[in-house]
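Some notes on the structure that comes next.
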Amino acid sequence: MKLVVALHVDGTQANVAAAAFDAWDSPEATKTYFSRIAEFGKPVRGALDLRELPCVLQLLGEHKLEPELIVIDGFVHLDADDTPGVGQHLFEALGGKVAIVGLSKKSLPGLSAQFEVMREEESPPLIVTSVGIDIGAAKVRVRSMHGRKRVPTLVKLAARLAKNKD
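Mapped onto numbering that gives the first Met the number 0, the consecutive letters of the sequence shown carry residue numbers 0 to 165.
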């Protein structure tokens, strides 16, 4: 099982949701998961924002999930020198047993075009970073994900679930 995970912050609370899938080109999740985070602190100024990490770990624990791969909205590493981002920290928290693919709609100054994936001709590329899976393989899989637009269908689904659960 693979998961697409999304976080939605609302003040001091947050929601985290996941869409499970088996095939990269699947238009639908095999199952969805949701967890409410009662206390979500403020970011520490000047430090890498790792507040998403315990939220994802809570979701995995609450639902007893053991995915082989997790797709996150964010960066695995912050530059071509592999400066750790939240995805790298998640990989380490999971004992290096779960591959992490990071997707972002925005680039960072230290990331070159080698991390770009074009999913639609006239739209800006997605930025893909990864650990536990080769970057080339990660890019091919992201490109093959279902959806006519720039952002894959299951990524949109996870974000919508995180935002709209009451």
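Backbone N, C-alpha and C fix where the C-beta goes; we use that ideal spot for every residue, glycine too.
So the alpha helix (DSSP H) residue i belongs to, where does it begin and stop?
i, result
"F39", "Per DSSP, F39 belongs to no alpha helix (DSSP H) and is neither H nor E."
"T152", "T152 to N163"
"H88", "V85 to A92"
"A22", "A22 -> no alpha helix (DSSP H), and no H or E assigned at all."
"S138", "It should be noted that the sequence gives Lys, not Ser, for residue 138. K138 -> alpha helix (DSSP H) spans I134 to S143."
"V55", "E51 to E61"
Quick check on residue i: buried or exposed, where buried means 16 or more other Cβ atoms within 10 Å of its Cβ?
i, result
"E67", "exposed"
"P151", "buried"
"A17", "buried"
"S111", "exposed"
"E157", "Sequence check: residue 157 is Ala here, not Glu. When all chains shown are included, A157 counts as buried."
"K104", "exposed"
"V43", "exposed"
"N14", "buried"
"A19", "buried"
Kindly indicate which residue of the options has the alpha-carbon position closest to the one of residue i.
i, options, result
"L2", "H145, V43, I99 and V127", "I99"
"H88", "E115, A158, S129 and R140", "S129"
"I69", "G45, G101, L77 and G60", "G101"
"S106", "K138, G73, I134 and K63", "G73"
"L64", "V97, M117 and D133", "V97"
"G94", "L58, G131, P123 and G84", "G131"
"Q113", "I134, P123 and S34", "I134"
"D21", "R140, A46, I36 and L58", "R140"
"L160", "F33, A19, A28 and L77", "F33"
"T0", "V8, T29 and D9", "What sits at residue 0 in the sequence shown is Met, not Thr. Of the listed residues, the one whose Cα sits closest to M0 is T29."
"L77", "V15, A136, P123 and A46", "A46"
Give every residue of the same chain whose Cβ lies closer than 8 Å to the Cβ of residue i, excluding the five residues on either side of it in the sequence, and list them in chain order.
i, result
"R147", "E119"
"R142", "V116, M117 and R118"
Please state whether the Cβ-Cβ distance between residue i and residue j is less than 9 Å.
i, j, result
"E38", "Q12", "yes"
"V4", "V75", "no"
"V85", "L49", "yes"
"P108", "R149", "no"
Taking 6 Å as the limit between beta carbons, can you name the residues of its chain near residue i, skipping five residues before and five after?
i, result
"P26", "H145 and T152"
"Q57", "S34"
In the DSSP assignment, the beta strand (DSSP E) including residue i goes from what residue to what residue?
i, result
"V8", "K1 to D9"
"L125", "L125 to V130"
"L68", "L68 to D72"
So is the beta-carbon of residue i under 8 Å away from any non-hydrogen atom of the ligand NAP?
i, result
"L77", "Within the structure as shown, the ligand NAP is missing, as the structure has no ligands at all."
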